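Sequences listed follow chains A and B, in order. Sequence positions in the first sequence follow our numbering and run 1 to 411. Sequence positions in the second sequence follow our numbering and run 1 to 466. We put the beta carbon where it would ideally sit given N, CA and C, even for glycine. If you're wondering where the values come from, they're calculated on a predicted model, not measured in any experiment.
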Amino acid sequence: MGIRTVQEKLAILSDAAKYDASCASSATTKRNALGGKGLGSTESGGICHAYAPDGRCISLLKILMTNFCIYDCSYCVNRVSSNVDRARFSVDEVVSLTIEFYRRNYIEGLFLSSGIIRSPDDTMLDMVRIVRKLRHEERFQGYIHLKTIPDAAPELIEEAGRLADRLSINVELPTDRAVATYAPEKKPGQIREVMGRIRARKQAGQDRSHTGKRPPKFAPAGQSTQMIIGADGSNDATVLGQSTRLYSSYRLKRVYYSAFSPIPDASSKLPLIRPPLQREHRLYQADWLLRFYGFELDEITGVTPDGNLDLDIDPKLAWALEHRGLFPLDVNRASKELLLRVPGFGVKTVQRILSTRGNRTLRYEDLTRMGASLKKARAFITAVGWTPGALTDSAGLRARFAPPPEQLSLL
Amino acid sequence: MPRIGTAQAWRDAARGLLAQGVPPQDVDWTVEGAPQGLFGGAPVATQAVPVNVPRSFLALAQSVVWHSDPQRFAHLYAVLWRLRDAPRLMQDRADPEVARLRRMEKAVHRCQHKMKAFVRFREVPALNPARRNFMAWFEPTHHTIEPTAEFFRKRYADMDWSIVSPDITARCMDGQVTFLRDVPRPDLPEDAHEDLWMTYYSNIFNPARLKVNAMTSEMPRKYWKNLPEAAVIPDLIAQAEARANAMAQATPTLPPVRVEAAQRQQQAFASRWASTGAMLEQDLRGCARCAIGCAATQVVPGEGPVDSPVMIVGEQPGDQEDLEGRPFVGPAGQVFDRAATEAGLDRAACYITNAVKHFKYRTERKRRIHERPDRSEIEACRWWLNAEIERSRPALIVAMGAVAAQALTGSGKDLLRRCGTIEETRGTPVLITVHPSFVLRCGDVAAQQDARRMLTRDLRRAARYL
C-alpha cells in the first residue's frame with residue numbers, strides 16, 4: 001500500500017461515514033464573521049447545500065478521521081474484522097478540506113466521527129485537536145458536529161463541548177441486549193452516563209454566576225443520537241420507547257433512525273436485506289407526533305396488535321381511524337390539542353386556523369389556502385359549507401388512503 | 001421601479017401614493033427598462049410621508065418586491081390600500097389577496113434559501129494580496145441577488161467575492177458590497193477543490209437507499225446546470241442498483257490478521273470505567289437483578305464513609321441523582337440537607353444510600369415522572385442494601401419513607417404512625433422517619449412544616465450516634 005492522496009483518503013473516509021443519518025446544521029447560536037472574527041456564520045434553520053440521489057441532504061462535510069477501528073460491531077462497515085480499505089486523515093488535511101470546501105460554499109461545516117484507534121482517549125484527543133485548530137487558528141465560525149467517544153476522558157468531552165456546536169453519541173440499537181450481542185465492546189450504561197453528564201453540563205452552562213456573567217456555551221446545538229432499525233428483532237414500540245426515554249432523560253435534540261442497509265463485506269451475523277426505508281419513514285413520523293403533537297407513546301403503538309407501526313398509512317391517520325368516534329371536528333370550535341390530531345393538519349396549519357378563527361368563521365375553501373392536506377383532512381372535519389357526511393364512518397376509509405395491495409411474490 | 005434598490009423605491013412610492021389617496025386602479029407599476037404602459041403616465045413624487053402600516057405587512061413587502069412577477073408591485077399596493085380600512089387583514093390567513101402575497105413571499109424565501117445553498121464559488125486571482133478572491137455564476141428564479149448579498153457578506157468576511165447573474169451582480173471587496181447591472185458571464189478558471197467536492201459527493205451517497213424524487217424535490221433540475229456535482233448524478237443513479245446488489249452479495253470474507261492485534265490492544269488499556277472504587281460499587285454497576293436498570297442512566301451507589309456509625313436510607317434516586325450518579329442531590333436532597341443542618345447532623349459523616357439503586361420512572365410530556373418501585377424491585381435490590389449493611393455494620397440505620405421501611409423491616413405500612421420509633425433489621429436498630437420528598441409533596445404550608453419538624457426531630461436523634 002503506497003501513500004494515499006487526499007482524494008483517495010476522502011473517497012474512503014466519506015464512504016465510511018455515509019451510514020450516519022444526521023447532517024443537521026440548525027439550532028445553534030447565531031454567529032457571523034463580521035468585525036474581523038474570521039470566517040463563517042450560522043443560520044438558525046441550517047442550510048442543505050446539496051442532495052444526494054438517496055434523498056439525503058448534504059449540509060456538512062461528513063467524514064471519519066480514520067476508519068481503522070479496534071472494535072468489532074457487526075453492523076458497522078469499519079469493524080476490525082472487515083476487509084474494507086483503510087485510511088487516516090492528518091489534522092491539517094481535515095482542517096484544510098473543511099476550510100476550502102466552506103469558502104466555495106459547498107458546506108455549512110464539519111461532522112467529524114472516527115473509528116477507535118489506539119485508545120478512546122487518544123482518538124478523542126486527535127478529534128479535539130482538529131476542532132481546536134479550526135476554531136482557534138482558522139477562526140472558523142461555522143457549524144461543527146463532533147461524534148463523542150463515550151469512554152474518553154471527561155476533560156476531553158468537556159473541551160469538545162466548548163468547541164463544537166453539537167455532540168452526539170450513538171446508542172446504535174434499541175435495547176441493551178441487542179447492543180451486547182452486536183456491539184460487544186460498547187456499554188449502553190456508559191453511553192447513557194455520558195449523555196446524562198452532557199445534559200447536566202449544558203444545564204450548568206445556563207446558570208449565571210454570582211457576578212451575573214454567563215459561562216461559555218456548551219454544545220449550543222445540543223446532543224443527538226442514532227439507532228439502527230431492522231438489524232435486530234425489536235419492534236417499533238421498543239424503538240419508540242427507547243427514544244421517549246432518551247428525549248426525556250437527556251433532552252436530546254434528535255433521535256435519528258437509520259434503516260439498516262447492507263454493507264460491503266458484511267458480517268454473517270446480520271440479515272442481508274433491502275433497508276426498511278418505509279419503516280424508517282414511519283418511525284420519524286411517529287417521533288414527530290410524540291414531540292410536537294402531544295401524542296403519548298401507547299396511543300401511537302397501541303393501535304396495532306404487534307406493536308409495529310402500520311406501513312401503509314401514517315401513524316396519525318392510523319390513530320384517527322381507530323378513534324373515529326371523536327370525529328368529525330368542527331374547525332371553528334375544536335381545541336388546539338384536538339386540531340393537532342386531525343390527519344392532514346400540521347402544526348403551522350393549526351396555528352393559522354387559530355389566528356384566523358379570531359377574526360371570522362372558517363369556510364372549507366379557506367382551509368385550502370392554509371397549507372392543510374384536505375385530501376386527508378376532509379373526512380375528519382366540518383367547516384362552514386362542508387360536512388363529511390358518511391365519509392367518517394365509511395368502512396372503506398382506510399382503503400382510500402392505503403396503497404393498493406400488491407401481489408405477494410411467490411419466492 | 002429601479003432594478004437596484006427596488007425595496008426602498010417601492011416603499012417610498014407606495015407611501016407617496018397612499019398619502020395622496022391614489023387608488024390602486026390608477027397606478028401603473030413598471031420596472032426600469034421595461035416597455036411603458038399605454039399612457040406612460042407621470043412618475044410618482046416620492047416624498048417620505050409618515051403612514052401607519054402593520055409591521056407584518058412591511059416584512060411581507062420587503063420580500064415580495066423581489067418576486068419575478070411584473071404584477072408584484074400592483075398586488076402589494078392593492079393590499080396596502082385595503083389595509084387602511086381593515087387593519088386586521090394581515091391576521092386573516094385565508095384572504096385570497098393576502099394569501100397570494102404570502103405565496104409570493106414563500107417563493108422568494110425559497111429562492112433566497114436555494115441561493116444560499118447552491119452558489120458555488122471558484123477561486124480567481126486576488127486583487128488585493130491580503131485577501132483571497134472567489135467568483136460564482138448563479139441564475140436565481142427571482143430577483144434575489146440583492147436581498148441575499150448580506151448573508152454572503154457576513155459569512156465570507158475575510159475574503160473578496162462576486163456573484164454574477166444574468167440580471168444583477170453583487171461584488172464584495174474589503175467588506176463593502178456593490179451591485180452592478182448586466183455583467184457578462186465570466187469564464188471561471190478550473191478549481192482543484194471542485195474535483196475533491198465531487199469525490200465527496202459520489203462517496204457520501206448510499207446506493208442501497210436510492211430516492212431520486214426526494215432529491216429532485218429539494219434540488220430541482222433547474223439548478224443543476226450550475227452545480228458541479230450534478231454532472232455525476234446520472235451515473236450514480238444508473239449504477240446504484242448494481243452497486244447495492246454487489247454490496248449485498250459480497251460474502252463475508254475472513255477477518256484480517258489485524259483483528260488479533262487489535263483485540264490484544266483492547267485488553268491492554270484497562271478502561272477507567274471498569275476499575276473504579278471498591279468491589280461492591282463495581283459489581284453494582286453491572287446489576288441486572290430487575291428491569292429498572294435498562295431505562296436508568298446509571299446506578300447510584302451509596303456515598304460517605306463506609307465505617308460511619310449512621311447509615312441513612314432513602315427510597316430511590318430521582319431525575320437529578322440519576323444524571324449525576326450521586327444520592328440526594330436533587331430537590332429532596334436539598335430538603336434533607338436543610339433538615340440535617342438544623343438537626344446538627346453532619347451529612348459528610350454519614351453513609352447515605354437508597355433502598356433501590358436505579359431510578360424508576362415513566363415518561364409523560366417529555367418529562368420523567370418518578371414511579372414508586374414495586375415489591376419485587378425492592379426485594380431484588382435488598383440484596384445490595386444488605387451487603388452495604390454487612391460492610392458498614394452501623395450503630396443506627398435511618399429509614400426515610402415507606403420504601404426504605406419496607407426494605408429494612410418488611411413493612412412500609414402506617415408510616416406516619418411509626419415515625420420516630422425504633423425498629424430493627426437483623427439486630428441493627430432502625431429509626432423510622434418520613435422521606436424528604438414527603439415534605440415537598442405536602443399540600444399546605446402547615447402540613448409541610450409539621451413534616452419538616454418530624455424529619456428534623458428524627459435526624460437530631462440520629463446525630464447522637466455520631
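Residue environment analysis places residue 279 of chain B among the exposed positions, since fewer than 16 neighbouring C-beta atoms fall within 10 angstroms of its C-beta.
Taking C-beta separations shorter than 6 Å and ignoring five residues to either side along the sequence, the partners of residue 207 of chain B in its chain run 240, 243 and 244, following chain order. With respect to the C-alpha of residue 235 of chain A, the residue from A/111, A/348 and A/178 having the closest C-alpha is A/178.
Contact residues of the segment 225-255 of chain A toward chain B are 244, 245, 247, 248 and 249 (C-beta to C-beta distance below 7 Å). Taken in chain order, the unbroken stretches of beta strand (DSSP E) that lie wholly in the segment 317-369 of chain B and span 3 residues or more are 351-354 and 361-364. Around residue 121 of chain B, the beta-carbon contacts reaching into chain A at under 7 Å are 103, 104 and 105. Counted as a single uninterrupted DSSP element, the beta strand (DSSP E) harbouring residue 137 of chain B occupies residues 133-137. In terms of Cβ geometry, residue 90 of chain B and residue 57 of chain B form a close pair [threshold 8 Å]. Residue 292 of chain A counts as exposed, since fewer than 16 other beta carbons sit within 10 angstroms of its beta carbon. Residue-level contact check: residue 226 of chain B does not touch chain A, since none of the beta carbons of chain A fall below 8 Å from its beta carbon.
Against chain A, a Cβ distance below 7 Å from residue 236 of chain B picks out 53. With respect to the 8 Å criterion, residue 146 of chain B and residue 163 of chain B are not classified as neighbours on the basis of their beta carbons. If you draw a straight line from the Cα of residue 77 of chain A to the Cα of residue 16 of chain A, it comes to about 7 Å. The three-state secondary structure of residue 41 of chain A, taken from DSSP, is coil.
Annotation: residue 217 of chain B to residue 55 of chain A spans about 9 Å, alpha carbon to alpha carbon. Contact check for residue 143 of chain A and residue 108 of chain A: beta-carbon distance about 5 Å, within the 8 Å limit, so the pair qualifies. Taking 3 residues as the minimum length, the beta strand (DSSP E) runs contained wholly in the segment 104-156 of chain B are 122-124 and 133-137, in order along the chain. Within chain A, not a single residue places a beta-carbon under 8 Å from that of residue 143 of chain B; the smallest gap is close to 20 Å.
In this structure residue 281 of chain B is exposed. Its beta-carbon is surrounded by fewer than 16 other beta-carbon atoms within 10 angstroms. With contacts defined by Cβ atoms closer than 8 Å, residue 252 of chain A and residue 223 of chain A form a contacting pair. Every alpha helix (DSSP H) of 4 residues or more that sits fully in the segment 60-134 of chain A is shown, in chain order, as 91-103 and 120-132.
In this structure residue 66 of chain A touches residue 89 of chain A by the C-beta definition: roughly 7 Å separates them, less than 8 Å.
In this structure residue 114 of chain A is in contact with residue 64 of chain A, their Cβ atoms being roughly 5 Å apart against a cut-off of 8 Å.
Taken through DSSP and simplified to helix, strand or coil, residue 298 of chain B comes out as coil.
The beta-carbon separation of residue 12 of chain A and residue 87 of chain A, rounded to 4 Å, stays under the 8 Å limit for a contact.
The alpha-carbon separation between residue 152 of chain B and residue 137 of chain B amounts to approximately 14 Å.
When only Cα atoms are considered, residue 203 of chain A and residue 315 of chain A end up about 33 Å apart. The three-state secondary structure of residue 186 of chain A, taken from DSSP, is coil. Between residue 27 of chain B and residue 111 of chain B, the alpha-carbon positions lie close to 28 Å from each other. When DSSP states are grouped into helix, strand and coil, residue 141 of chain A belongs to the coil group. Between the beta-carbon of residue 93 of chain B and that of residue 355 of chain A there is about 6 Å, and that keeps the pair under the 8 Å contact cut. Rounded to whole angstroms, the gap between the alpha carbons of residue 341 of chain A and residue 249 of chain A is 26 Å. With a cut-off of 8 Å on Cβ pairs, the segment 355-373 of chain B is in contact with the segment 290-302 of chain B, counting three or more such pairs. Rounded to the nearest whole angstrom, the C-alpha separation of residue 333 of chain B and residue 309 of chain B is 21 Å. Not a single C-beta of chain B is nearer than 8 Å to the C-beta of residue 181 of chain A. In this structure, the CA atom of residue 348 of chain B is about 32 Å from the CA atom of residue 187 of chain A.
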